[in-house]
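Mapped onto the numbering used here, the consecutive letters of the sequence shown carry residue numbers 4 to 283.
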Amino acid sequence: MRRLITVGSVKGAPGVTTTALALAAVWPERADGGVRPVVVEADVSGGDLAVRFGCPHTPGLLDVATSARQERQGSLLGAATDLSFGVRVVAAPVGGRACAEAVRLVAGAGQHVLLGEGDDRGTVLLDVGRITEAAVGLLEVAEVVVLVSRGGADALAHAYAHLSEDGVHVERYVLAVVGPCPYAAGEITATLGVSRVVFLPWDPKAADILAGRARSELRTSGWRALRLLAAAGDAARQLSGTGEVAVKGLSGDLAGLGAVPHPGGRLRPVADLATKESAS
Ligand SMILES: Nc1ncnc2c1ncn2[C@@H]1O[C@H](COP(=O)(O)OP(=O)(O)OP(=O)(O)O)[C@@H](O)[C@H]1O
Ligand SMILES: [Mg+2]
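Okay, structure coming up:
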């Protein structure tokens with residue numbers, strides 16, 4: 004079976020799609036027996052990749068959804084397209100009812116197409132965009148949920164609200180904080196109740212490449228050394244289990260992401276963060 008890593012947000016557009024692509028671009032070659040990961044756009048609001056990279060959205064998510072309806076399992080990789088920087092993606096249409104319906108189908112019967120058969124290897128990085136009811140089924144089967152947030156008190160308060168909801172498996176979550184953040188990892192883990200945090204820098208040059216806005220930059224060797232990709236590489240090593248230390252129950256060294264385990268599981272109000280920010 005493939006490993007499923009769901010990437011999503013709770014508010015705004017903090018960089019979910021960019022983060023999913025960054026992780027895939029630097030996914031360790033030795034992970035998953037050398038099988039490259041695939042990014043699947045399953046955002047109920049519609050996809051961005053087809054427009055950003057000028058590629059068709061078929062084959063893509065609609066084909067995965069169609070095969071979810073069929074008795075015989077369809078091929079996930081058959082619905083994938085290679086982007087210019089070597090990441091393969093299953094693209095979604097820009098929106099509309101067909102896209103929303105496709106996400107619902109994939110979140111239900113389509114899960115088996117994402118996960119594949121017993122001998123299928125590899126990682127699916129599933130971009131669900133904003134985490135809504137439609138995506139719940141895709142959180143349930145995820146080995147890890149990467150919750151992407153900006154680093155301010157307001158954004159983290161929304162993350163806190165989501166993490167403290169009933170039915171949320173907080174132990175499976177990694178919080179990816181994009182851009183400036185005045186808080187240390189330990190402060191965030193203790194306040195939000197999530198045990199793993201990764202910081203991804205604000206890096207417009209890398210983000211432009213990952214959004215198809217700077218194709219000429221791809222000719223520059225070493226673009227994978229840009230700050231965002233370097234940080235994503237650290238996270239990808241932990242998520243893929245190719246980090247140095249293994250964490251029991253999870254496939255990777257998630258403790259090495261810089262987090263301090265939350266003592267006792269009690270959540271402190273996120274208002275503490277706001278107070279601290281205004282005081283500084
Ligand atoms: N680390 C970053 N550094 C600089 N710019 C970034 C970074 N991450 C994302 N961006 C930029 O922010 C904008 C939104 O990013 P992205 O499309 O990844 O967000 P999203 O959360 O997927 O949004 P949506 O919910 O609309 O799909 C894009 O213009 C992207 O290039
Ligand atoms: Mg997106």
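Quick reminder that beta carbons are idealized off the backbone N, C-alpha and C, glycines included.
So, using beta-carbon positions, are residue i and residue j closer together than 8 Å?
i	j	result
residue 142	residue 149	no
residue 116	residue 42	no
residue 31	residue 224	no
residue 235	residue 203	yes
residue 126	residue 5	yes
residue 40	residue 128	yes
residue 135	residue 54	no
residue 133	residue 12	yes
residue 79	residue 119	yes
The beta strand (DSSP E) spanning residue i covers which residue range?
i	result
residue 190	Segment 188 to 195 is the alpha helix (DSSP H) holding residue 190; no beta strand (DSSP E) there.
residue 179	176 to 181
Give me the DSSP bridge partner(s) of residue i.
i	result
residue 35	None; residue 35 has no bridge partner.
residue 147	8
residue 91	41 and 85
According to DSSP, simplified to helix, strand and coil, what is residue i?
i	result
residue 252	Bear in mind that the predicted position of residue 252 carries a pLDDT of just 34, short of 50, making it unreliable; the figure below should be weighed with that in mind. Note: residue 252 maps to coil in three-state DSSP.
residue 152	strand
residue 79	coil
residue 211	helix
residue 130	strand
residue 203	strand
residue 184	coil
residue 216	coil
residue 3	With the chain represented from 4 up to 283, any question about residue 3 goes unanswered, as that position is not in the structure.
residue 60	coil
residue 70	helix
residue 258	Any reading at residue 258 must be qualified, since the residue scores a pLDDT of 37, below 50, and its modelled position is unreliable; the value itself is stated next. Helix, per DSSP.
residue 173	helix
residue 168	coil
residue 16	coil
residue 268	The predicted model places residue 268 with a pLDDT of 40, which falls under 50 and marks its position as unreliable; any figure quoted below should be read in that light. Residue state, collapsed to three classes: coil.
Would you mind giving the Cβ-Cβ distance between residue i and residue j, rounded to the nearest angstrom? I have them listed as a contact below 8 Å.
i	j	result
residue 213	residue 25	6 Å
How far does the alpha helix (DSSP H) with residue i in it extend, from its first residue to its last?
i	result
residue 19	19 to 28
residue 52	52 to 56
residue 47	Premise fails: residue 47 is in no alpha helix (DSSP H) and is neither H nor E.
residue 237	230 to 242
residue 114	114 to 118
residue 104	100 to 110
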